[in-house]
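Numbering (this note's numbering), first residue to last: 9 to 71. Every residue, glycine too, gets a C-beta built ideally from N, C-alpha and C. The model shown is predicted, which means the values in this text are computed figures rather than measured ones. What follows is a set of notes on a single structure, which appears directly below.
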């Protein structure tokens with residue numbers, strides 16, 4: 009099937025691996041966004057990231 013599309017096996021594997029990580033990232037962010045919308049709380053990861061940014065001198069704008 010991949011040969012009909014003009015792709016070799018290695019290229020197909022790279023595309024599938026990249027697709028896996030993109031979907032994984034999208035699902036993770038969707039779950040975090042839904043959690044924040046439902047509970048009104050920030051996740052631990054968001055709190056950690058904001059703290060690190062403040063330490064580095066970056067200020068976040070409120071939405």
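Query raised in the report: Where does the unbroken alpha helix (DSSP H) through residue 52 begin, and where does it stop?
Result: 52-64
Requested in this report: For the alpha helix (DSSP H) holding residue 9, just list the boundary residues, first then last.
Outcome: Neither: residue 9 is in no alpha helix (DSSP H) and is coded neither H nor E.
Requested in this report: May I have the straight-line CA-CA distance separating residue 100 from residue 26, to the nearest angstrom?
Outcome: Limits of the chain in this structure are 9 at one end and 71 at the other, which puts residue 100 out of reach.
Query raised in the report: Residues in its own chain within less than 8 Å of residue 49 by CB, not counting five upstream and five downstream?
Result: 43
Query raised in the report: Can you round the beta-carbon distance between residue 40 and residue 51 to whole angstroms, since I take them to be within the 8 Å contact cut?
Result: 5 Å
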